[in-house]
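Residue numbers (my numbering): 934 to 1173.
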C-alpha cells in the first residue's frame, strides 16, 4: 500500500520532512519498522532546513505576522519565534491511492511562542485590549491534518508532487501558559483578571484563538516542504 512508502511518512513532518534518496536510504514498502526508523532519522535532518534549496529551519521558526479576526476578538502577533516542532511526532498516516489526499496526526509535547502582540475585543467573557510583548507556552497538542496533493509534470519530463491545500483540527491536551505584557496599558488589576481567566480556562481560550496561529505555522512549513518537493522528481522517492 503506497501510504506505507517512506515519502508519505516524510512528505510532511506535520509538514516538516520529505524523503529523498540523498537524505536517507529507502525502505521496502512492507517494512514498517524500517520506515518508522527512517522517518525519525530523516525528520531530524530536514527540520534543520536546507539553505541551498531556500528551505528555512522549522525550529526555531520565525513568523513576521499572524492575524486573528474572530467575531468577538481581533489580534495580531508580530515577529513571532516558535520553538518545539522538532519534538513533534507524526502518526496515523493515510494517503489515497491516486495521490490526491493525505491524512496524518501530529502530537507535540510543547510549543513556545514569543513576540509582539496587539489585541482588542472580548476574551470569551472578559474585555481585553493592549499591545506589547507576549509569550505562550503550550502543553501537549494534537493536530489532525488533512491535505490535498497534486502531481504535475516537470520541465524535465518527470513528475513533481505538491501540497495544495490543508485543513487542521487542533486539540490542546494540557494546560497553556499565557503571558501578555502591558495589557490595558499596564493596569495591573485588569491585566491580572484576564491572565487568571486565560490560564484557568486555557482550553476554552485556546479553542477560540488557536486556528490562525496553527494555520500560519503549518502553512510556512508546507511552503518549505513544497520547495523541496519541487527539487526532487516523484520517481526518486515513490517506491513501487
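Here a beta-carbon is modelled for each residue, glycine too, at the ideal position from N, C-alpha and C. Note that the structure is predicted; figures quoted are calculated from it, not measured.
Rounded distance between the beta-carbons of residue j and residue i, thought under 8 Å
i	j	result
residue 992	residue 1019	4 Å
residue 1012	residue 1048	5 Å
residue 1094	residue 1162	5 Å
residue 1057	residue 1137	6 Å
residue 1082	residue 1151	Not quite, the Cβ-Cβ distance comes to about 15 Å (not below 8 Å), so this is no contact.
residue 1141	residue 1006	7 Å
residue 1042	residue 1075	Going by Cβ atoms, the distance from residue 1042 to residue 1075 rounds to 11 Å, so no, they are not a contact pair.
residue 1015	residue 1044	6 Å
residue 1132	residue 1111	6 Å
Endpoints, beta strand (DSSP E) assigned at residue i
i	result
residue 1165	Unbroken run through residue 1165: none, as it is neither H nor E.
residue 1051	1045-1056
residue 1026	1022-1028
residue 1017	No beta strand (DSSP E) holds residue 1017; DSSP gives it neither H nor E.
residue 1001	994-1003
residue 1035	1034-1041
Spatial neighbours of residue i in its chain, beta-carbon cut-off 6 Å, leaving aside the 5 residues before and after
i	result
residue 1160	986, 987 and 988
residue 934	Its pLDDT being 42, under 50, residue 934 is placed unreliably in this model, and the value from its coordinates should be taken loosely. Correct list: empty, nothing qualifies.
residue 1008	1001 and 1052
residue 1054	1005, 1006 and 1007
residue 1040	1022 and 1075
residue 1149	996 and 999
residue 1153	none
residue 1084	1032, 1092 and 1094
residue 1046	1013, 1015 and 1069
Contacting residues, own chain, Cβ-Cβ under 7 Å from residue i (five flanking each side not counted)
i	result
residue 1127	1056, 1059, 1061 and 1116
residue 1063	1052, 1113, 1115, 1116, 1117 and 1118
residue 1086	1092
residue 981	990
residue 1164	986
Neighbourhood of residue i by C-beta, 8 Å cutoff - its chain only, sequence neighbours within 5 removed
i	result
residue 1036	1025, 1026, 1027, 1028, 1077, 1078, 1079 and 1080
residue 945	Per-residue confidence for residue 945 stands at a pLDDT of 41, beneath the threshold of 50, marking its modelled position as unreliable; no derived number is given.
Q. Whole alpha helix (DSSP H) runs in the stretch 1063-1140 with 4 or more residues, listed along the chain?
A. 1121-1133
Q.
I'd like to know if the stretch 1084-1093 and the stretch 1112-1129 are in contact, where contact means that at least 3 CB-CB pairs between them fall below 8 Å.
A. no
Q) Pairing CB atoms from the stretch 994-1011 with CB atoms from the stretch 1020-1034, are three or more of them under 8 Å? A) no
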